[in-house]
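Chains as they are written, first to last, in numbering that gives the first Met the number 0: chain A, 0 to 972; chain B, 0 to 561.
Each remark here refers to the structure printed beneath this line.
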Amino acid sequence: MHSIRFKITSITVSAILISILLMFLATYLTVHEENDNSSVQRMNLIADDTKKSLEIYFESIEQSVEMTANIAVDSLDSIILVENGITPSAASSLARTDEQQSRIDAHLSSHIKKTEETLASVATRTHGVVSFYYYILPEISENERGFFYSRVGKSGYEKQAQLIVSDLDADDTEHTSWYFLTMQRCRPSWAGPYVDPYNDNIWICSYLIPVYKVGTMIGIIGMDIPVDTLAESVREIHFYKSGFACMLNDHNRVIYHPSLETGTTPDIKMMSLTDELFRQKTNGEELIRFNTNGVLRQISFTTLTTGMRLLVIAPVSEITATWTQLVHSTLILAAIITALFAVILFVLMDVLTMPLKKLTDASRRLADGDYSIGLDSEYKSNDEIGTLTRAFTRMRDQMGEYIADLNHRAITDTLTGLPNMRHFFTLAEAGRSKIKEAGRHPVILFFNLVGMKYYNRQYSFEEGDKLIYEISKILVSHYGENNVSRFSQDHFAILTDEEGLEEELQDVFEECKYANNGRSLPVRVGICPNRLGETNISTAYDRAKYACDQLRGTYVSDYRFFDLSMLTQVENSRYILNHIDQAISEHWIQVYYQPIVRAANGLICDEEALARWIDPVKGMISPGEFIPVLEQSKLIYKLDLYMLDMILDKLKRKKEMGMTLVSQSLNLSRADFCSVDIVDEIRRRVDASGFPRSIISIEVTESCVGSDFSFMKNQIERLQSLGFPVWMDDFGSGYSSLDVLQDIRFDLIKFDMHFMHRFNDGDESKIILTQLMKLASSLGVDTVTEGVESKDQVEFLSEIGCSKLQGYYYSRPIPFEEMLERISSGTLTDFENPEEADYYSAIGRISLYDLGAVTNDSGDDMSDFFDTLPMAVAESDGFYVKIVRCNKSYRDFMIRAFGDLQKEMEFSRATVSEEIGIPLLDAVYQCRSEGARIFIDEDVPSGYIHSLVRHIAVNPVTGIYACLVAVLEYIGK
Amino acid sequence: MKRLVAKYNFIIFFLLALLIQPAFSSCSMPQPTGPSDNSTPYSHTSSDAVQNPISDTSSYLTVIEDEPDTVDFQCTSIHYTIALNVFNRLVETEKQPDDGIAIVPSLASAWEESEDGLTYDFHLREGVTFSNGSPLTSSDVLYTLTRLMKHPDSCNQAIAEPIKGAKALGRGEADQLEGFEIIDDLSFRITLEQPFEAFLSCLSMAGASILDEETTETAGASFGLDPEWTVGTGPFIIWKWLPGEGILLIPNENCWSGAPRCSGLRLLFTTEDAEARLMFENNEIDILDLDELGYYSEYYIHGDIYQDRLYQVRQTGISYIALNESVTPLNDVRVRKALQLSLNRSLLLDAVYSGRGTVENGIYPNGLYGHNPDLPEIPYDPDEARRLLMEAGYPDGFELTFSVKNSSTQSETILAKMAVQMWNKIGIKASIKVINEEEFMRCRKSGLLECYTATWIADYNDPDNFIYTFFGNDANTTYRSICYKDEKVMARVGAARTITDHEKRLEEYHLLEEKIVQEDAAWIPLFSRLRYYVTSERLNGFTVPWNGSVKRTYSRLSTDNE
């Protein structure tokens, strides 16, 4: 981890370093160029200075020789020369006569003498001259050859033997270049360096002027100076540390060089020089550098008017030495300053960040839960850190408070101040041990107020809370503060022992009655004694609650012990929940179908799917056992959707087998609607199967609807709007409210089987059923009655217009395979053609005890409820008439009128007479069309019969139509 | 603020330059300051011709020049460099590829000469403008010729004199040049008093350069002195005249004959020979005239490093020794002949000029139209000379003053000395008298010099230029201190001009030449010379004018560094 101190210090130091670096770079670039320029200028200056002093010297030599030459030329007489054959066209001595030559010689003699005097006097006055001479060219004269003087000692010159130029060897450039060069150049020029054989073989340079007269070269005047003399001023040049100057002649031969031999020719290309460059006379502004033996050197040069080249050379390292020194010192200084700064900054940052560091430590300790950190005296400054410290202190205090509060809340119930569940478990565990140690039997009580929800609704939550609070006080007063806990709303857990338990409870019940000023609720208590086995507190609580739950439906204060049977139930429930998935996937749960039969034709018009759990371990588990468990755990949807899948699967098989498909009803629980969007799940599955939605009917119980009415109404309407018929199951089983029928338009009402169970217990059940049928019929709702077990029941239900029947009379719930078997064996009636369903439904709906079926007037004087008009439902195809349904009055009437019931129940035109039968047949025929209503009078042997025939329905498949026949009046003869 | 400006003046200048560059470019040259307040109508267009000169003049072609008192070519007989480079003539005399010499069109693109040789119809070149933008018209030519005659300081009247009415105009007897007729802007007719075959040649002389009437008229005395007013049609424009230093000329980019090949021309004023030599050695000048260097010229003529830039040129001129016939005993033809015969002219040429030339025997030198190679040679015969002296009555010779002006070249001086020596040998007591130039000229023009030597270089390519100058009439011959007496001969010289037949005219010139030189020994012809020039290494395109004169046009020369 890098501390702030480290970061700030390093950032600042980096900033300083970068600034120095940039500054250094900028300075470097500027000074570097400046240094280059100034070094060139300086070296040029040195070269120029030397050049000037040299040129002054050279000029003095040149002037001396020129002066002599001028005098010599003047002293030659053009006329003598021309007259004696020295003309531009004929300079050769051969063209001259001896006489002419001697005249020339004579003239030359005086000329030479004059020149000799002049040159000698000039030479002695000129510095450094080692020799001077005048050679007359051999073609001018071989007699007068001129003169040659060379210096002897330091003082004077001595005349030397005259040189015979014709003897000179042109190849011996070391010694004779002066002559041949001049003969070639034909102009005044400098020659050398070359070796003077007459003067100790020293290296010399010469200035030579050819003497012309009348366009002819007469001779050469020259002066020699030793290279040493020239070198004097060059040798003295020292600059930088080892900078030096050297001199080359116009052919780059060394005149003077501190390390090279005079007369050698160095490779100028090595020095980055070229003849091209030399032609510019000086290097000017140009920076010339070259590398020899790993040393980079800089060079400046200048060309003297003599053609000689003066070079000044210095190593670049020395040129830049001052600058390099400056850079070094600057860098060292910068390093020192930076280091110093770094140290100061580090110390300063330590001082600045110390409070921060302390604060950081404090935070760390705070994070570890230490709220006792003392910081108040640490840092009181008013800067950011001070503010931070104070804020931190404040935060620490507040956090401490909050944590304490939270801790309290964590173990206490805010409403009652009792220990909360978690805390209670700890306390109870200890308490239970204590009780056992005392040799007593601990028990856990589950204490529950009955109807708290309604209480809250009735009296408001404040009142509810008040009641709970007071109850808690009562409980605490009986069992002690640490033995009572409120687990939720109105659920309390209590630890106590068995001794005097029930008496104590009675006292509690008594006190509770008067809680909240008597505006109280009864209580239920479940007791889990320790006797059934040592469990943890949580399990004991669950068991107590289970026991308490068994009191459901009790509305007075009561208590119940958890016993062995409950233990079994609990274990069963657990088994069911643990194995429901397996039961489904491994088809332990099977679908049984109970046929529902049309009363009007005795054919199966519906099948109710029912679940059977055939467990490989436990054998058959009753739906009454597993369905409530699944409902309670909200897992029922798994079962129901599985059921639906199985139904659709069966339908598919039936369809494949070419069988008539009838509506299948599926039971749904309230829990189905809560767990998933069951409506959509069903729709998806049915749609996917390709069957029409109407083939699946949904059965919901009345209680299921009642719990959350508007929600369920909405769900039912959704189902219906999707095309699923919705049935009300078990109507009349619980506390039925007719409200439901008013608000929800069920497609069918299934009457609970207890109507059938009490069928023979007097007429009440029948009357209620009759009226309920009438009610359903009037509402246009189809009906089915379950639990049909006898023929009486079938007849009665048929008469009162119950259109469908279900029960063991027809069949118990059986697997699909068995149903197939039974149908084929004839022990089970066949399936109804669904296309005829409406027809038979219409027939079946007619209540033959309903006067309204005949007139709209209600019977007023019927002492016997069932002593109604004789009514029958007749089917006819126009040729024959068959009484398919009739009431008891009709049967009685027929026996009275015709003496024989059987004969009159089915007859055809072939068997009836004009007087009897034909009028009914005609009337029935006329009533084949909808809404028709015919009154007929028949004169039968026993009397006159006044009847009403009314249209009911037409079978769309067979064309047979049904109508109601009611005997309105019978006058016996 | 002032300091601040000074400190940042470079930057400010730079910014200003950027900002007002368009303004700068529209007024590149200062307005001419003439004598009158009226600015010239063409001054605003001068910027078209005068570009911003290159401030670094080192690339300019540079030559030595004597500082002129004026460059008004009508009023000088020597300072013609400006006339030749800034102005043009109607025609030019040019050396042809076959070494012949011809008159070629210049400002006049064509002309027709009448059969009688009296009228010339000239046609000016179209579209020629002076460097100030003013177009060249016939009236400019008329103005030029009129001014040539009327200008009080004119010394080139001879050019225009053949024109009808010119003399009258010169004398102030007429206002108009009668022989000049403007036909239209570009055509005019010149009628001569008498036929004059050399007329066209005369018009090619520097003195016949054409002026811009309006500018020159407005300039008045400033013409020839102030660069702003000295404008011509030629390849250069005078940019600056720095007294004591030189004249800078810049190219006339709009010149009708094309811009010059060099970036500029620098005429440096120098009279010191040694200085010129040093300057040449330092590459400061591009052309060195070896004539001025004395024996030092030998080093250039022979020097190894100069051989590829050494030019040898025949000078169409003649060196002569004038003898004044009005002086006794020079009035005696025998004496004059003795003087002729006693001179070993070949020896003189060898000794003085190292034999670089040709000995001449007449008046018209080698290379000139009308030169007669068949003239009898004047021999070196001192014995005959002595005999003639004796015959003339001077056996012991006589006193003779050979005048030499102090500004003479070394060679001239030597020549004089040697001539005197040769005459001394036959007993003539000749001596040299050095007099200053002014005095010398005054005496010469007044016919007072007894004897002197000089060289006449052709102005135009016609014998007339020589014979008429020295023997054309009394005035001319007196002006040269020859004082020739034979009026008849002189009349014939004048009349020879009007001979329209070329052959006859040349024949007459030959007869006259022989009469004057061989018979009358009116002067001593010496030789025509070869001249030598060395050029700088950077110079290209060096040629020499037809007459070998150092005065030349530089427009076709260029330097390497351009």
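Cβ coordinates follow ideal geometry from the N, Cα and C atoms, glycine included.
Residues of chain B with a Cβ closer than 8 Å to the Cβ of A/V72 are, in chain order, Y294.
Secondary-structure assignment with DSSP links B/P524 through a beta bridge to B/Y319. Counting only unbroken stretches of 3 or more residues, the beta strand (DSSP E) elements lying wholly within the segment 217-272 of chain B are 235-241, 245-250 and 264-268, in sequence order. Distance check between A/L629 and each of A/R597, A/I646 and A/A582 places A/A582 closest, using alpha-carbon atoms only.
In the structure shown, A/I933 falls within a strand segment according to DSSP collapsed to helix, strand and coil. Note: A/V483 is bridge-paired with A/I493 in the DSSP secondary-structure output.
Legend: CB atoms of the segment 376-387 of chain B lying less than 9 Å from CB atoms of chain A are not found in any residue. The alpha carbon of B/G354 has as its nearest neighbour, out of B/G99, B/L529, B/I481 and B/N84, the alpha carbon of B/L529. A/W189 places its beta carbon less than 8 Å from that of A/T305. With its beta carbon less than 8 Å from one in chain B, A/Y211 belongs to the interface. Residue contact with chain A for B/A350: present (Cβ-Cβ distance below 8 Å to some residue of chain A). Following the DSSP letters along the chain, one finds A/A333 inside the alpha helix (DSSP H) bounded by residues A320 to A366. Check the Cα spacing between B/A520 and each of B/A258, B/G540, B/Y483 and B/H501: the tightest is with B/Y483. Residues of chain B with a Cβ closer than 8 Å to the Cβ of A/I78 are, in chain order, L346, A350, M417 and Q420. Taking a cut-off of 8 Å on C-beta distances, the segment 225-241 of chain B touches the segment 78-87 of chain B, as three or more cross pairs fall below it. Within the segment 158-171 of chain A, no residue places its CB atom closer than 8 Å to a CB of chain B.
Flagged as an interface residue toward chain B: A/G214, by a C-beta distance shorter than 8 Å. The continuous beta strand (DSSP E) containing A/W726 extends over residues V725 to F730. Nearest C-alpha to A/R611 among A/L737, A/P209 and A/E624: A/E624.
Not one beta carbon of chain B lies nearer than 8 Å to the beta carbon of A/R296. The C-beta distance from A/M755 to A/Q719 rounds to 28 Å, too long to fall under 8 Å, and the pair is not in contact. Taking 8 Å as the CB threshold, B/S527 stays off the interface with chain A.
If you look at B/H122, you'll find it in the beta strand (DSSP E) that goes T118 to L123. Under the Cβ criterion of 8 Å, A/R288 is not counted among the residues facing chain B.
Bounds of the alpha helix (DSSP H) holding B/M440 are E436 to K444.
With contact defined as three or more Cβ pairs closer than 8 Å, the segment 13-23 of chain A and the segment 299-313 of chain A are not in contact. Using beta-carbon distances, A/P137 does not count as an interface residue toward chain B, since no partner is under 8 Å.
In this structure, A/A961 is the residue among A/L295, A/L827, A/A961 and A/D274 with its C-alpha nearest to the C-alpha of A/I882. Taking the beta carbon of B/D303 as reference, the chain A residues within 8 Å of it are Q183, R184, C185 and R186, listed in sequence order. With 16 or more other Cβ atoms from the protein chains shown falling within 10 Å of its own Cβ, B/Y467 counts as buried. For A/V81, the chain B residues whose C-beta falls within less than 7 Å of its own C-beta are L346, D349 and A350, listed in chain order. Look at A/S271 here: in three-state DSSP terms it is coil, with no helix or strand label. Within chain A, no C-beta atom comes less than 8 Å from the C-beta of B/Y553; the nearest is roughly 25 Å away. Against B/S353, the close residues of chain A are P87, V213 and G214, in the order they occur along the chain (beta-carbon pairs closer than 7 Å). Assignment of beta strand (DSSP E) within the segment 200-286 of chain A, counting only whole runs of 3 or more residues, yields 201-212, 215-225, 243-247 and 253-255 in chain order.
Assignment of B/T534 by DSSP, reduced to helix, strand and coil, places it in the strand class.
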